[in-house]
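Take a look at the structure below.
Number of protein chains: 2
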Amino acid sequence: MKKNVKRSECPISRALDILGDKWTLLIVRDIVFRGFRFYNEFLEGGEGIATNILSDRLKILESNGFLVSKKYELQKTRKVYTLTENGIGLIPILLEMLIWGFNFDDSLIIPNQKAEMMNEIIKRVKTDKDEFLREIVASVKSFDAKNYC
Amino acid sequence: MKKNVKRSECPISRALDILGDKWTLLIVRDIVFRGFRFYNEFLEGGEGIATNILSDRLKILESNGFLVSKKYELQKTRKVYTLTENGIGLIPILLEMLIWGFNFDDSLIIPNQKAEMMNEIIKRVKTDKDEFLREIVASVKSFDAKNYC
DNA sequence: TGCATAGCTTGTTTTTTGCAAGTAACAAAT
DNA sequence: ATTTGTTACTTGCAAAAAACAAGCTATGCA
Chain A
273 MKKNVKRSEC PISRALDILG DKWTLLIVRD IVFRGFRFYN EFLEGGEGIA
323 TNILSDRLKI LESNGFLVSK KYELQKTRKV YTLTENGIGL IPILLEMLIW
373 GFNFDDSLII PNQKAEMMNE IIKRVKTDKD EFLREIVASV KSFDAKNYC
Chain B
273 MKKNVKRSEC PISRALDILG DKWTLLIVRD IVFRGFRFYN EFLEGGEGIA
323 TNILSDRLKI LESNGFLVSK KYELQKTRKV YTLTENGIGL IPILLEMLIW
373 GFNFDDSLII PNQKAEMMNE IIKRVKTDKD EFLREIVASV KSFDAKNYC
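Line by line, the protein sequences give chains A and B. Plus 272 on top of the position in the first sequence (first one is 1) and you've got the working numbering. Plus 272 on top of the position in the second sequence (first one is 1) and you've got the working numbering.
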């Protein structure tokens, strides 16, 4: 079980207390940019998270108010995980990481189509970030993700 | 020594492969928002990093091309750590974390003066982010940090 | 009963942490 | 000139925490 100690009052340090590991933001990415909502979707998300780590991070995200889980009425053995308003507040950080990952990791092999999508994202962030964020938030809320990554 | 395995081609996953821990971005914060340049400054940065972790993270940041270290000519036992252009590319992520930490962590006790500074930062990011980033970069390069956090 | 989903348990490996000791450059004292 | 001391890292080691992998359990269906 990952601990969550407050190391200092610095806002960046506080962000890293909660988000500073290899998995937490990846779950948020799956929800925001891939439209995932279920445990097994996160599990099969591509990076190979272990079941206990996934369970731990979902709990931490929920206990910190970034997401909520509730029974999926169409199939009662499953739970639906959705972002709260606080969870939605993480999208700008994800967006900057997306841009950073695209700009600075030369070893990333991004197919042409994806590169075009990225240029589009970068352009939109520069010209009308607030409107762009609103669109992403709307897509998350309507379970119709943008699939940007 | 922290590993750095490429888990997938996703830019966010790649960013988290390198940056996804509690210390790496804190060192970059110290350089960008506090004007730190020396090992002992990072060591005394407030969050209590261990000497071997600091040494490890500085090496990782250097080997990934985010910072360079060179002998400090005024005092040859010391090394000066400075950001590369790639390291400067991390500032937008830090800036979003700063804003996030300010907006969403209710337990953060931020004195009035700091709150005003934060509102100013948020306003500037919204109105002319590129110009604001240029100012921060200039302040980092001239060793005259903004002390935003 | 049999299957799927969610997630818990256990054992092992990896990483972090705290602390102690080591090295290198320089300066002041002997 | 040599010793001693100081600063600035750097390395090594043992204990603790976290991650990982695999198997197991509880619940709700069909």
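Just so it is clear, CB atoms sit at the ideal spot from N, CA and C, and this is done for glycine as well.
Item to check | For Thr323 of chain B, the first and last residue of its enclosing alpha helix (DSSP H) | outcome: Thr323 to Ser335
Checklist entry - Beta carbon of Asn419 of chain A, beta carbon of Phe376 of chain B: below 7 Å? => result no
Next on the checklist: Output needed for Ile325 of chain A: all residues of its chain with C-beta closer than 7 Å, excluding positions within five of it in sequence on either side, in chain order.
Outcome noted: Trp295
Checklist entry - When the Cα of Thr356 of chain A is compared with those of A:Ser280, A:Arg309 and A:Arg279, which residue comes out closest? => result A:Arg309
Item to check | Interfacial residues, the region 399 to 418 of chain A to chain B, with Cβ spacing under 7 Å | outcome: none
Next on the checklist: Between the alpha carbons of Val300 of chain B and Lys401 of chain A, how many angstroms are there, rounded?
Outcome noted: 25 Å
Checklist entry - Does Ile365 of chain A come within less than 7 Å of chain B when only Cβ atoms are used? => result yes
Checklist entry - When the distance is taken between beta carbons, is Arg306 of chain A closer than 7 Å to Ala387 of chain A? => result no
Item to check | Alpha-carbon spacing of Lys348 of chain B relative to Lys331 of chain A, whole angstroms | outcome: 49 Å
Next on the checklist: For Met389 of chain A and Asn336 of chain B, I'd like the C-alpha separation in whole angstroms.
Outcome noted: 26 Å
Item to check | CB contact below 7 Å: Ala287 of chain B versus chain A | outcome: yes
Next on the checklist: In whole angstroms, give me the CA-to-CA distance for Phe374 of chain B and Lys342 of chain B.
Outcome noted: 34 Å
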